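For the sequence shown, the UniProt record's numbering assigns the number 524 to the initial residue and increments by one for each residue that follows. Ideal Cβ placement from N, Cα and C applies to all residues, glycine included. Nothing here was measured: the structure is a model prediction, and the numbers come from that model.
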Amino acid sequence: QVKERGKGHWRFYQPAMNADLLARIQTDHAMRQGLQRGEFELHFQPRVDLRAGRVTACEALLRWHRPGAGLVMPGAFIGVAEETGLIGALGQWVLEQAVAQARRWLDEGVAGQVAINVSALQFEQPGFVQDVAAALQRHGLPPALLELELTESILIRDAEEALAKLQALAALGVELSLDDFGTGYSSLTYLKRFPLHRLKIDRSFVMALGEEAAAEAAIVAAIVQMGHALGMEVVAEGVEQPAQLRQLSRLGCDHYQGFLYARPLPASEVRAHLGRAVEEAAPPSA
Ligand code: C2E
Ligand code: MG
Ligand code: MG
Ligand code: MG
Numbered sequence: 524q525v526k527e528r529g530k531g532h533w534r535f536y537q538p539a540m541n542a543d544l545l546a547r548i549q550t551d552h553a554m555r556q557g558l559q560r561g562e563f564e565l566h567f568q569p570r571v572d573l574r575a576g577r578v579t580a581c582e583a584l585l586r587w588h589r590p591g592a593g594l595v596m597p598g599a600f601i602g603v604a605e606e607t608g609l610i611g612a613l614g615q616w617v618l619e620q621a622v623a624q625a626r627r628w629l630d631e632g633v634a635g636q637v638a639i640n641v642s643a644l645q646f647e648q649p650g651f652v653q654d655v656a657a658a659l660q661r662h663g664l665p666p667a668l669l670e671l672e673l674t675e676s677i678l679i680r681d682a683e684e685a686l687a688k689l690q691a692l693a694a695l696g697v698e699l700s701l702d703d704f705g706t707g708y709s710s711l712t713y714l715k716r717f718p719l720h721r722l723k724i725d726r727s728f729v730m731a732l733g734e735e736a737a738a739e740a741a742i743v744a745a746i747v748q749m750g751h752a753l754g755m756e757v758v759a760e761g762v763e764q765p766a767q768l769r770q771l772s773r774l775g776c777d778h779y780q781g782f783l784y785a786r787p788l789p790a791s792e793v794r795a796h797l798g799r800a801v802e803e804a805a806p807p808s809a
């Protein structure tokens with residue numbers, strides 16, 4: 524295939540490259556349309572506070588009811604949205620929905636913080652701090668009921684700029700956590716300067732816990748100790764086995780999420796979990 528590109532310029536496309544590019548263009552187009560047609564939905568995964576022995580928060584996770592494709596998970600579309608820039612509008616939608624939902628729960632007397640995932644590209648946008656402030660104000664949500672989950676990739680472009688933004692967000696009163704900790708650049712120098720409330724240990728470390736003599740246990744122990752020494756709480760994600768939970772508990776981990784307690788659930792179903800007391804040794808779904 525040959526296509527004209529300006530005067531006298533010809534470019535040759537390989538069919539395989541075309542197919543992939545075309546799929547991404549179609550996904551981008553369908554996402555833009557889906558955003559307007561209300562095809563996106565937030566599910567919420569409960570987070571258990573081990574010391575309090577109850578569910579004190581939940582994490583909002585994006586789902587897409589793509590026509591003809593069923594329920595699509597973020598792994599299949601967040602990357603495309605980041606590539607095309609749609610992540611700005613998508614992230615803004617998530618922020619708005621999560622804050623509105625947290626406010627509804629507050630009005631209904633349901634206690635629970637809501638955490639949202641923020642892509643590095645969204646975080647980098649000049650108006651991001653104002654967007655967060657505006658959403659909180661629009662719904663009259665106490666800022667501490669919103670948590671932003673960021674990843675170490677926010678450091679790639681300009682670490683000093685990222686630090687200034689984090690400080691502005693912390694000054695608003697929202698809580699900040701570092702997601703997928705241990706998989707990124709682990710810039711410990713910056714870590715101690717970040718106004719973070721929590722570190723979320725990546726699932727890849729949690730998975731190996733409960734097995735005998737897993738090296739991951741030493742890594743998790745080190746993350747917990749370092750987090751605590753720096754004044755942060757530590758959250759384990761992806762807890763599936765009772766043995767993993769027992770070990771996390773022994774290692775002093777503060778919170779956990781995972782299929783062991785509950786999968787991400789629609790708002791109507793997670794509601795009953797918020798504030799609920801949890802017997803550490805016997806989660807309801809175990
Ligand atoms: P994440 O923020 O690290 O979220 C945790 C992922 O692990 C979620 O997958 C969750 O469903 C899954 N998970 C939780 N507990 C368990 C468990 O016990 N076992 C297993 N195997 N998995 C568990 P999900 O919902 O597919 O999301 C994947 C990633 O997509 C998220 O990773 C996050 O990076 C991204 N994402 C999701 N929603 C949003 C969003 O609204 N905005 C942005 N920018 N990214 C999002
Ligand atoms: Mg997350
Ligand atoms: Mg994570
Ligand atoms: Mg993860």
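Counting C-beta pairs with one atom in each stretch, the region 550 to 560 and the region 757 to 771 have fewer than three that are closer than 8 Å, which means they do not touch. Distance from the CA atom of E756 to the CA atom of A744, rounded to whole angstroms, is 13 Å.
Your pair E582 and Q780 checks out as a contact, with CB atoms roughly 6 Å apart and the cut at 8 Å. The beta carbon of E734 sits closer than 7 Å to no other beta carbon from its chain once the five residues preceding and following it are set aside. Beta bridge pairing from DSSP links I639 with L671. Between the alpha carbons of A741 and H778 lies a gap of roughly 18 Å.
Cα atoms of L613 and R661: separation of roughly 18 Å, rounded to the nearest angstrom.
Inclusion of D702 in the 6 Å shell around ligand 1 follows from its C-beta lying nearer than that to a non-hydrogen atom of the ligand. Restricted to the region 647 to 696, the alpha helix (DSSP H) segments that are unbroken, complete and at least 4 residues in length are 651 to 662, 682 to 695, listed in chain order. Taking a cut-off of 8 Å on C-beta distances, the region 633 to 652 touches the region 671 to 687, as three or more cross pairs fall below it.
Between the region 722 to 733 and the region 676 to 695, the count of Cβ pairs shorter than 8 Å is below three; the stretches do not touch. For the set R570, M749, V637, Y784, the Cα lying nearest the Cα of V622 is the one of V637. Beta-bridge partners assigned by DSSP to C581: P569, V637.
Boundaries of the alpha helix (DSSP H) around G614: 610 to 630. Around A667, the same chain offers Q636, G696, V697, E698 as residues with beta carbons nearer than 8 Å, after the five sequence neighbours per side are excluded.
Between the region 598 to 618 and the region 792 to 802, the count of Cβ pairs shorter than 8 Å is below three; the stretches do not touch. In this structure, ligand 3 has no non-hydrogen atom nearer than 6 Å to the beta-carbon of E670.
Within 10 angstroms of the beta-carbon of P665 lie fewer than 16 other beta-carbons, which makes it exposed. When DSSP assignments are scanned along the region 766 to 803, the uninterrupted stretches of alpha helix (DSSP H) that are 4 or more residues long and fall wholly within it turn out to be 790 to 793. Per DSSP, R574 lies in no alpha helix (DSSP H) segment and is marked neither H nor E.
CA-to-CA, the gap between A604 and P787 works out to about 22 Å. Counted as a single uninterrupted DSSP element, the beta strand (DSSP E) harbouring S700 occupies residues 698 to 704.
Annotation for G754: no alpha helix (DSSP H) segment contains it, and DSSP assigns it neither H nor E. For V595, DSSP records a beta bridge to W587.
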